[in-house]
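Enquirer:
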Amino acid sequence: MAAAIEREASARNLDVTIIRNGSRGMLWLETLVEVRTDKGRVAYGPVKASDVPSLFDAGFLTGGDHRLAHGVTAEIPFLKGQTRLTFARCGVTDPLSLEDYRHYKGLKGLEAAVAMTPAEIVKQVTDSGLRGRGGAGFPTGIKWKTVADAKADQKYIVCNADEGDSGTFADRMIMEGDPFVLIEGMAIAAIAVGATRGYIYTRSEYPHAIAIMQDAIAIARREGILGESVLGSSHAFDMEVRVGAGAYVCGEETSLLNSLEGKRGIVRAKPPLPALEGLFGKPTVVNNVMSLASVPVIMDRGAQFYRDFGVGRSHGTIPIQLAGNLKHGGLYETAFGLTLGELVNDIGGGTISGRPVKAVQVGGPLGAYFPPALFDTIFDYEAFAAAGGLIGHAGVVVFDDTVDMLAQARFAMEFCAIESCGKCTPCRIGAVRGVETVDRIARGDAAAIPLLESLCSTMKSGSLCALGGFTPYPVMSALTHFPADFDRMKEAAE
Amino acid sequence: MKDSRLLDRDFGTPAARSEKMITLTVDGFEVSVPEGTSVMRAASEAGISVPKLCATDMLDAFGSCRLCLVEIEGRAGTPASCTTPVAPGMVVHTQTGKLKDLRKGVMELYISDHPLDCLTCAANGDCELQDMAGALGLRDVRYEAVDTHFRARNAAATSIRSGWPRTRATRISLMTRRNASSARAACAPARKSRAPSP
Chain A
20 MAAAIEREAS
30 ARNLDVTIIR
40 NGSRGMLWLE
50 TLVEVRTDKG
60 RVAYGPVKAS
70 DVPSLFDAGF
80 LTGGDHRLAH
90 GVTAEIPFLK
100 GQTRLTFARC
110 GVTDPLSLED
120 YRHYKGLKGL
130 EAAVAMTPAE
140 IVKQVTDSGL
150 RGRGGAGFPT
160 GIKWKTVADA
170 KADQKYIVCN
180 ADEGDSGTFA
190 DRMIMEGDPF
200 VLIEGMAIAA
210 IAVGATRGYI
220 YTRSEYPHAI
230 AIMQDAIAIA
240 RREGILGESV
250 LGSSHAFDME
260 VRVGAGAYVC
270 GEETSLLNSL
280 EGKRGIVRAK
290 PPLPALEGLF
300 GKPTVVNNVM
310 SLASVPVIMD
320 RGAQFYRDFG
330 VGRSHGTIPI
340 QLAGNLKHGG
350 LYETAFGLTL
360 GELVNDIGGG
370 TISGRPVKAV
380 QVGGPLGAYF
390 PPALFDTIFD
400 YEAFAAAGGL
410 IGHAGVVVFD
420 DTVDMLAQAR
430 FAMEFCAIES
440 CGKCTPCRIG
450 AVRGVETVDR
460 IARGDAAAIP
470 LLESLCSTMK
480 SGSLCALGGF
490 TPYPVMSALT
500 HFPADFDRMK
510 EAAE
Chain B
6 MKDSRLLDRD
16 FGTPAARSEK
26 MITLTVDGFE
36 VSVPEGTSVM
46 RAASEAGISV
56 PKLCATDMLD
66 AFGSCRLCLV
76 EIEGRAGTPA
86 SCTTPVAPGM
96 VVHTQTGKLK
106 DLRKGVMELY
116 ISDHPLDCLT
126 CAANGDCELQ
136 DMAGALGLRD
146 VRYEAVDTHF
156 RARNAAATSI
166 RSGWPRTRAT
176 RISLMTRRNA
186 SSARAACAPA
196 RKSRAPSP
């Protein structure tokens, strides 16, 4: 696309500067081309290379009208309705321009942190109410305090960027679109807990994110943000990117640590907590990309500023990833508190197929399916838990009425069987039995339904980690909310 | 404290070395053990045996078999007693209705993946798996197992997604642990050796 624009511009003898920025998160408009004009940045999308000549003909360099024109980008309702704190720069700046980063208030958080004592940083993060954005929702400040209070000759910051949940792309967007914010967040965490080394554990399926992160780290090192002296302070911190081999379970923190150590990625029993005995047995902060990338704005704008967003015990903003059968899929960062229905129907614009929504899975492959009857559920940690679900990494995947929920339940079990690390019995054998039991139900064996329920309760309480423990969520929610799909005898009779 | 070297009894996890004693309650009995002791071993010291398959006092706890799950007042869920260290004032329940169902459910999964050849098996009558199935009251397996590790092995693993590579890996890890136990037992002549591993 950039090449097509460049070609066309030079053919027309026009002088254009092309900057490749990250995504704004409006995925139905990608590839999005923005032009800086007197009115502000004007959006055109989705642009194909073949559209480029007609864009030039329409005078798009001065904001001219075109069938792909959407007016000023910031005024597009999908963007206008958002509260972008973590993603403030994403899609706006050149990802690898530190100058851009500084211009859009980057490094302010780290500068503030360098001037504070570690205890003050921990307190500020605790007071902000930030909770782990990876899924568990554990208060980030409390985790940091545990690591800060531990006595050790070496501590580590590990960023969990092994984003494997279905329908999630927030981590990737930040790493590709605003890598410095993650580096800044990790450096702040390091100063807060006294760590000198950091690792970003990401997946091999993200080659662009890996390349951009590595370049950004090299730039940060050159510019004195990383290294012996972080921003000229007495704190040393350096980091590197490590790439996983593709196991979903390596997104589980203890499994991730094993993988990072070069071992097979199997889950460790807790205790000991990674905060006390983590990477190589040393106290380790393991935080999700989203948690770490939210820290700079907290340090810059203050704990209270961040805390004031959200509802109940869920403070701040959450980058919700709208995916699946939706008209307007993309990343929507907003304060906690919208309802699921608003997200799917108003913001997502309903299904792209035009058929009615049947089910929405929230929180990745281990998240529960919600029927439209539960669309008034408020998007926060507690409300979702109360409704028998979880928000996980805030991925929302929409299905229309053609989906077979029995097949989805089977898929959940099959996924668990494939991705199980094999350490604990309920997950290793239970998932295989689960697939077989769902198949029995599909053959019309109604006696297998209570067996599936019994298996789910064994897996839920008996498993070592969330993989086996949460697989019952999609299975049981499918069974509870869509019993008709499991009644194959009746179907056959009809 | 009882000396495990003189008894043919497995306390589940190794003895802790700490001088500091921790007092807790297991099934209503008060017991004091060194700091760092597992809940499983504390129960064992009090004469209460918690069901187990993967734990032995000759090796560090691993936490994979999920039969030793217990309930601890004030804590969520059902932690494995082998990997959970004791804490002062802890109130542990090793026998509840919930745990009974849970353990039986896990045991049923184990047996669903087992050949059921007890009558012709050399380990018949001297088998931990058999003992545990009996102790947990497992009489029937409700699953219609299709994809088992032994069947897959015989069928030369036609499906790459069959249960067997994972199950085998775990069996090997368990066997390695057992072999390691026998090797250590052999190196310590004072220790009365246990039944040979299958």
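So the protein lines, in turn, are chains A and B.
Heads up, the working numbering is the position in the first sequence plus 19, with the first residue counted as 1.
Heads up, the working numbering is the position in the second sequence plus 5, with the first residue counted as 1.
We treat Cβ as the ideally placed atom computed from N, Cα and C, and that holds for glycine.
Just so we're clear, the structure is a prediction, and the values are computed from it rather than from any experiment.
#1: Relative to the C-alpha of C446 of chain A, which residue among A:T421, A:C484, A:R459 is closest?
#2: Judging by CA-CA distance, which residue of A:R320, A:A406, A:V212 is the nearest neighbour of P390 of chain A?
#3: Alpha carbon to alpha carbon, how far is C132 of chain B from S164 of chain B? Give it in angstroms, no decimals.
#4: Apart from the five residues just before and just after P338 of chain A, which ones in its own chain have a Cβ nearer than 7 Å to its Cβ?
#5: How would you call N184 of chain B, buried or exposed, if buried means at least 16 neighbouring beta carbons within 10 angstroms?
#6: Under a Cβ-count criterion, where at least 16 other Cβ atoms within 10 Å of its own Cβ denotes burial, should R55 of chain A be classed as buried or exposed?
#7: Could you say which of A:T50, A:D257, A:R150, A:R121 lies nearest to I410 of chain A if we only look at CA atoms?
#8: Is E259 of chain A helix, strand or coil by DSSP?
#9: Hey, quick one: how far does the alpha helix (DSSP H) through V141 of chain A stretch, first residue to last?
#10: May I have a chain-ordered list of the alpha helix (DSSP H) segments no shorter than 4 residues that lie completely inside the segment 23-63 of chain B?
#11: By alpha-carbon positions, which one of A:V200, A:T159, A:G386 ends up nearest to L117 of chain A?
#12: Specify the secondary structure class of R108 of chain A as computed by DSSP and reduced to three states.
#13: Go to K282 of chain A, then tell me how far its beta strand (DSSP E) extends in each direction, as first and last residue.
#14: If I measure Cβ to Cβ from L141 of chain B and keep anything under 7 Å in the same chain, skipping five residues before and after, which residues do I get?
#15: In whole angstroms, give me the CA-to-CA distance for A155 of chain A and L115 of chain A.
#16: Just to confirm, are G64 of chain A and L51 of chain A a CB contact at a threshold of 8 Å?
#17: Can the beta-carbon of M432 of chain A be found less than 8 Å from the beta-carbon of A404 of chain A?
#18: So, at 7 Å on beta carbons, what are the nonlocal neighbours of L46 of chain A in its own chain, with the 5 sequence-adjacent residues on each side left out?
#19: Please look up how many angstroms separate the CB atoms of E454 of chain A and A436 of chain A, rounded, as I've assumed it's under 8 Å.
#20: Ignore the nearest five residues each way along the sequence and tell me which others in C443 of chain A's own chain have a CB closer than 6 Å to its CB.
#21: Spell out the partners DSSP gives F418 of chain A in its beta bridges.
#22: What's the gap between the Cα of M495 of chain A and the Cα of H254 of chain A?
#23: In this structure, how does DSSP classify R182 of chain B when only helix, strand and coil are distinguished?
#24: Comparing alpha-carbon positions, which option in A:A208, A:T187, A:A171, A:R152 lies nearest I140 of chain A?
#25: Check I366 of chain A in the structure and name its three-state DSSP category.
#26: Report the neighbours of P290 of chain A on chain B: residues whose CB is nearer than 8 Å to its CB, in chain order.
#27: Measuring only the C-alpha atoms, how far is Q233 of chain A from E242 of chain A?
#28: By the three-class DSSP mapping on this structure, what secondary structure does I238 of chain A have?
#29: Quick one, which of A:R216, A:R103, A:K289, A:L74 has its alpha-carbon nearest H89 of chain A's?
#30: Would you say V451 of chain A reaches chain B, if we count a Cβ-Cβ gap shorter than 8 Å as a contact?
#31: Taking C435 of chain A as part of the alpha helix (DSSP H), name the residues at either end of that continuous run.
#32: Would you call the segment 46-60 of chain B in contact with the segment 76-84 of chain B, where contact means no fewer than 3 C-beta pairs closer than 8 Å?
#33: Consider the Cβ of T18 of chain B: report whether some Cβ of chain A lies at a distance smaller than 8 Å.
#34: Between the Cα of E259 of chain A and the Cα atoms of A:I229, A:S252, A:S248, A:V286, which residue gives the shortest distance?
#35: Please report the residue range of the alpha helix (DSSP H) in which L298 of chain A lies.
#36: Can you list, in chain order, the residues of its chain with a C-beta nearer than 6 Å to that of D15 of chain B? Leave out the 5 residues immediately preceding and following it.
Expert: In short:
#1: A:C484
#2: A:A406
#3: Note that S164 of chain B has pLDDT 45, beneath the 50 cutoff, so the model's placement of it is unreliable and the number below is only indicative. About 30 Å.
#4: T105, F106, A189, M309, L350, E352, A413
#5: Because N184 of chain B sits at a pLDDT of 42, beneath the cut-off of 50, its placement in the model cannot be relied upon, and the point is left open.
#6: exposed
#7: A:R150
#8: strand
#9: 137-147
#10: 44-50
#11: A:V200
#12: coil
#13: Taken as a continuous stretch (DSSP letters only), K282 of chain A belongs to no beta strand (DSSP E), as it is neither H nor E.
#14: P56, R108, K109, M112
#15: 31 Å
#16: yes
#17: no
#18: G348, G349
#19: It is worth fixing the name first, because residue 454 of chain A is Val in this sequence and not Glu. Contact holds; Cβ gap of about 6 Å.
#20: S482, L483
#21: A:A378
#22: 49 Å
#23: Per-residue confidence for R182 of chain B stands at a pLDDT of 47, beneath the threshold of 50, marking its modelled position as unreliable; the derived number appears in the next sentence. In this structure, R182 of chain B counts as helix in the three-state DSSP scheme.
#24: A:A208
#25: helix
#26: T88, T89, P90
#27: 14 Å
#28: helix
#29: A:L74
#30: yes
#31: 424-438
#32: no
#33: no
#34: A:I229
#35: Premise fails: L298 of chain A is in no alpha helix (DSSP H) and is neither H nor E.
#36: T61, D62
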